[in-house]
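The block underneath contains the structure these notes are about, expressed in structure tokens.
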Amino acid sequence: MDAPCFTVVIVTYNYGRFLRAALDSVFAQSCQDLELIVVDGASTDGTVDILQEYAPRLAWWVSEPDRGQSDAFNKGFARGRGRYFVWLNADDILLPGALAAAKLALADGRYAWASGDFVRTDAALNIISCFRGPTRQPAWLRRADAPITVCGPSSFFSAELYREVGGFSTDLRYAMDLDLWLKFMARGYYPQRFRHYCWAFRMHEQSKTADQFSAYVNPRAKEIQAEVAALYARLGYRLSPWARLLSAVQKILDGSALGTWADTRAFRGKPALLIAPKV
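Written out as structure tokens, the structure reads:
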């Protein structure tokens, strides 16, 4: 059997009330050149019943204790046969056309990593804000001290690259995706940006990283910021204020800042599924 283009890994723990929407968002993709793997951390809330219902459509699933989210991702991707990997948290969804748009961005084989746009939503998946990344990353911003403008399940990366860097670092609780991007960049890989809203990041009271920089909204904010700072220190990097400024200027020059503002204004309060065009 030929390898699929994408391996999608969903990790979950007691998120049964959200899981069905996440699964359906994958199976509703116009591009079905994929396999779906689900790793559950021994949930006790009915998650297993849902997985048994979907089992005939899953490439593999398991429900057993793990050592955290990074361990669960690594466990799932270890089973992956796809040429490209993407993950999804059980409380989020892939937006329509995400995989088709990513496949098109990666089609010529020049890039091992592609990244689209995302939206933040409330618990009912109504849009709070939009995020459009820069259309390109100029050489003068390809530095470890510049902000990284790619986020979680809006990124699609080659299985070969993932294995080359050793996957996710299991000692990190919050910044495992940042660590993965830094490992990619340390080997000279940068994302091909493409313009499509791929991921809806659902904000709710149990979100692990919801409003990660606002202690008022998320009491874990200081813990998250401390882990990010420790990661940069461990790797010998620091976020330069000048690089932050240059990154902001680049977003203005390439129109992504204006696009973010305009889309947020147009779609705030509307269902997330409305923002992604059919691809």
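Each residue of the sequence shown is one higher than the one before, starting from 12 at the first, in my numbering.
The beta carbon of each residue, even a glycine, is placed where N, CA and C say it ideally should be.
Rounded to whole angstroms, how far is the Cβ of residue i from the Cβ of residue j, which I believe are closer than 8 Å?
i: L136; j: A125; result: Incorrect: roughly 24 Å between the Cβ atoms, too far for contact.
i: I48; j: W71; result: 5 Å
i: D133; j: M214; result: 6 Å
i: A101; j: T23; result: 3 Å
i: C16; j: R94; result: 6 Å
i: V260; j: F167; result: In fact, because the Cβ distance is near 27 Å, the residues do not count as touching under 8 Å.
i: M196; j: Q80; result: Contact doesn't hold; Cβ gap of about 22 Å is too wide.
i: A123; j: Y65; result: 30 Å between Cβ atoms; not a contact.
i: R68; j: F38; result: 6 Å
i: V73; j: A283; result: Actually they are not in contact, since the Cβ atoms of V73 and A283 sit about 29 Å apart, beyond 8 Å.
i: I21; j: A33; result: 6 Å
How would you label residue i, buried or exposed, when you count the other beta carbons within 10 angstroms and need 16 or more for buried?
i: H207; result: buried
i: K86; result: buried
i: W192; result: buried
i: W151; result: Its pLDDT being 49, under 50, W151 is placed unreliably in this model, and the coordinates cannot settle the point.
i: Y26; result: buried
i: L246; result: exposed
i: E171; result: exposed
i: R204; result: buried
i: L30; result: buried
i: S54; result: buried
i: K233; result: exposed
i: R121; result: exposed
i: I138; result: buried
i: A211; result: buried
i: R276; result: exposed
i: S169; result: buried
i: S41; result: exposed
i: R198; result: exposed
i: G178; result: buried
i: P164; result: buried
i: D182; result: exposed
Helix, strand or coil for residue i, going by three-state DSSP, please let me know.
i: E216; result: coil
i: R121; result: coil
i: P288; result: coil
i: F278; result: helix
i: A136; result: Just to set this straight, residue 136 is Leu in the shown sequence, not Ala. Coil at L136, not helix or strand.
i: T271; result: helix
i: V20; result: strand
i: L99; result: strand
i: L106; result: coil
i: S165; result: helix
i: R143; result: coil
i: K262; result: helix
Just checking: is the beta-carbon of residue i within a distance shorter than 8 Å of some beta-carbon in chain B?
i: L242; result: Looking at the structure shown, chain B is missing, and only one protein chain is on hand.
- [ ] Report the residue ranges of all alpha helix (DSSP H) runs contained in full by the region 26-97; include only those spanning at least 4 residues, in chain order.
- [x] 27-38, 58-65, 80-89
Task: Within the region 183-211, ranges of the alpha helix (DSSP H) (whole runs, at least 4 residues) - done: 187-197
Task: contact_flag[the region 260-267, the region 94-113] where n(CB pairs < 8 Å) is 3 or more - done: For the pair of segments examined, the region 260-267 was found not to touch the region 94-113: the number of CB pairs separated by less than 8 Å stays below three.
TODO: Assess, as a yes-or-no matter, whether the region 233-241 is touched by the region 52-63 under the definition of 3 or more beta carbon pairs within less than 8 Å.
DONE: no
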